[in-house]
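A.B. asks:
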Amino acid sequence: MATANLAKLMQLICIITTLSFLLGCGGKSRSNRPLDSTSVIPHTRGEKARARTVFVHEDSQYDDRGAGHYLYPISLQNRDGIFDLRRFEVRNLDRVIEFRLDFLRPIDTEDLISLDRAVDPQSITGVRTRKGWAFQLVDIYIDTDRTPGSGLTFALPGRNVEFNYEEAWDHAIVLTPGPNSDVTNYLLERSEYRELHNNRKRIYVPNDVHARHYSLVARVPKQQIGDPQPDWGYQVFVMGYDSSNTSRNGMFNMRVKTFPTDNAFGGGTDYQGNPNIIDILSPDKRSQYHVLSQYRSNPYQKDNLLSIVPMIYSKGKQKTPIFREKSIHNAAGANSGLIDSRYTSPVKVRR
Ligand SMILES: [Ca+2]
Ligand SMILES: [Ca+2]
Numbered sequence: 001m002a003t004a005n006l007a008k009l010m011q012l013i014c015i016i017t018t019l020s021f022l023l024g025c026g027g028k029s030r031s032n033r034p035l036d037s038t039s040v041i042p043h044t045r046g047e048k049a050r051a052r053t054v055f056v057h058e059d060s061q062y063d064d065r066g067a068g069h070y071l072y073p074i075s076l077q078n079r080d081g082i083f084d085l086r087r088f089e090v091r092n093l094d095r096v097i098e099f100r101l102d103f104l105r106p107i108d109t110e111d112l113i114s115l116d117r118a119v120d121p122q123s124i125t126g127v128r129t130r131k132g133w134a135f136q137l138v139d140i141y142i143d144t145d146r147t148p149g150s151g152l153t154f155a156l157p158g159r160n161v162e163f164n165y166e167e168a169w170d171h172a173i174v175l176t177p178g179p180n181s182d183v184t185n186y187l188l189e190r191s192e193y194r195e196l197h198n199n200r201k202r203i204y205v206p207n208d209v210h211a212r213h214y215s216l217v218a219r220v221p222k223q224q225i226g227d228p229q230p231d232w233g234y235q236v237f238v239m240g241y242d243s244s245n246t247s248r249n250g251m252f253n254m255r256v257k258t259f260p261t262d263n264a265f266g267g268g269t270d271y272q273g274n275p276n277i278i279d280i281l282s283p284d285k286r287s288q289y290h291v292l293s294q295y296r297s298n299p300y301q302k303d304n305l306l307s308i309v310p311m312i313y314s315k316g317k318q319k320t321p322i323f324r325e326k327s328i329h330n331a332a333g334a335n336s337g338l339i340d341s342r343y344t345s346p347v348k349v350r351r
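Mapping of the sequence shown onto this note's numbering: position 240 corresponds to residue 240, and the numbering continues sequentially without gaps.
1. Taking the runs of the beta strand (DSSP E) that are 3 residues or longer, which of them lie wholly in the stretch 258-315?
2. Closer than 7 angstroms: is that where the CB of S243 sits relative to any heavy atom of ligand 2?
3. Rounded to the nearest angstrom, what separates A168 and W232 at their Cα positions?
4. For P221, count neighbouring C-beta atoms within 10 Å of its own C-beta (all shown protein chains included) and say buried if the count is 16 or more, exposed if not.
5. Which partner residues of N180 appear in the DSSP bridge assignment?
6. Let me check you understand the geometry: is the CB of S60 closer than 7 angstroms to at least one non-hydrogen atom of ligand 2?
7. Among the candidates D284, G267, P283, whose CA atom is the shortest distance from the CA of I277?
8. Is the CB-CB distance between N164 and P310 below 8 angstroms?
9. Work out the CA separation of L85 and V238 for me, nearest whole Å.
10. Q224 by DSSP, collapsed to three states: which one?
11. Run through the stretch 192-224 for me and flag every whole alpha helix (DSSP H) of 4 or more residues, listed as ranges in chain order.
12. Would L216 and L175 qualify as a contact pair, given that the criterion is a beta-carbon distance under 8 angstroms?
13. List the residues that DSSP assigns as beta-bridge partners of Q235.
14. Could you check which residue in I74, P299, F83 has the C-alpha nearest to that of P106?
15. Counting C-beta neighbours from all protein chains within 10 Å, is the total for E98 16 or more, i.e. buried, or is it exposed?
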């Protein structure tokens, strides 16, 4: 009798398991997509009820081409999409602000590219992937006070872009797959970037950063940057990581040159003027290519003009930012071929 009951029970468990498995599977296509906004990552579960999204930006797909024609490094050409940001979300938790970046392709947790080993023999030991990802370097810039001229208008070294005076950033967060101390030491030791050195407290390299299947998730204590407000502006740069780039104009970003190499993107120039950024927050592909291609790159660095990248603001919660004509399109009209005077007036070259 007891055996018969047990058999029935086992049968019931089997049916329930099968049903829940079938209901849980949303088909093949879902498994290829990044987690959606309702997904709960394990370490936020306890705080889910209090979690509050203060900013969301859905970025274009297939715009991991920087200024429009950038090509992946030869060593990463079979990993198309790993630098393509799909979604950026900022959440206000109890004592921390959480930044979540979803990419088009899964995050590589191991650095298996032989090139990287050649560049950095230490990577064989797993040093570079100890945080769970290998190839993406990310800057997040935040304008917290919305006060023209308050904050910094230059980007971190090697990014080769600037911000508008009206949209100067107050805080930057750097997500590096390498040791945090590499960045903090760089900021501390490179006194030739005097303004950057003096403002190094504005730049935060979080310890609490994790790679998920398609995402990088970083948490920053509010005491570092304050309580997030709905009118804060954000910009995100997705770059390749190059542990060896600590040159005069470089801070662990992979360079974009004329032709791709194993350790550089292609589609830029062999000088120092083109942005070394592969994806930014942009209303669409076209506006991104337009913004990032407003540069002049010369053998003589003083003649260079850097692209000016707009901040993205969202007054309401969870709204895709409005297309901001004045900042993003050139004033003369996108099709005229003329460059907005903002881009051609002299720009101070900051070293
Ligand atoms: Ca994108
Ligand atoms: Ca973009």
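All C-beta atoms, glycine included, are put in the ideal place defined by N, C-alpha and C.
It should be emphasised that the depicted structure is a prediction, and the values quoted were computed from it without experimental measurement.
C.D. replies: Taking the structure as given:
1. 307-309
2. Mapped onto the sequence shown, residue 243 falls at position 243. Flag unset: Cβ of S243 not near ligand 2.
3. On the sequence shown, residue 168 is found 168 positions in, with the first residue counted as 1. On the sequence shown, residue 232 is found 232 positions in, with the first residue counted as 1. When rounded, the distance between both Cα atoms is 12 angstroms.
4. Counting from one through the sequence shown, the residue named residue 221 turns up at place 221. By the neighbour-count rule (16 or more Cβ atoms within 10 Å), P221 is not buried but exposed.
5. Sequence index remark: in the sequence shown, residue 180 carries index 180 (1-based). Per DSSP, none; premise fails for N180.
6. Reading the sequence shown from its first residue, position 60 is the one you call residue 60. Under cutoff, so the answer is yes.
7. Counting from one through the sequence shown, the residue named residue 277 turns up at place 277. The residue with the shortest Cα to Cα distance from I277 is G267.
8. Looking up residue 164 in the sequence shown gives position 164. Looking up residue 310 in the sequence shown gives position 310. Contact flag set, yes.
9. Locating residue 238 in the sequence shown gives position 238, counting from the first residue. Locating residue 85 in the sequence shown gives position 85, counting from the first residue. Computed Cα separation, rounded: 7 angstroms.
10. By one-based count along the sequence shown, residue 224 stands at place 224. Q224 falls in the helix class under three-state DSSP.
11. 194-198
12. By 1-based counting over the sequence shown, the position of residue 216 is 216. By 1-based counting over the sequence shown, the position of residue 175 is 175. It is a contact, given that the beta carbons lie within the stated cut-off.
13. Your numbering for residue 235 matches position 235 in the sequence shown. Looking at the DSSP assignment, Q235 forms a beta bridge with Y141.
14. Taking the first residue of the sequence shown as position 1, residue 106 is located at position 106. Of the candidates I74, P299, F83, the one whose C-alpha sits nearest the C-alpha of P106 is F83.
15. The residue given as residue 98 occupies position 98 in the sequence shown. If you draw a 10 Å sphere on the C-beta of E98, you find 16 or more other C-beta atoms in it, and that means buried.
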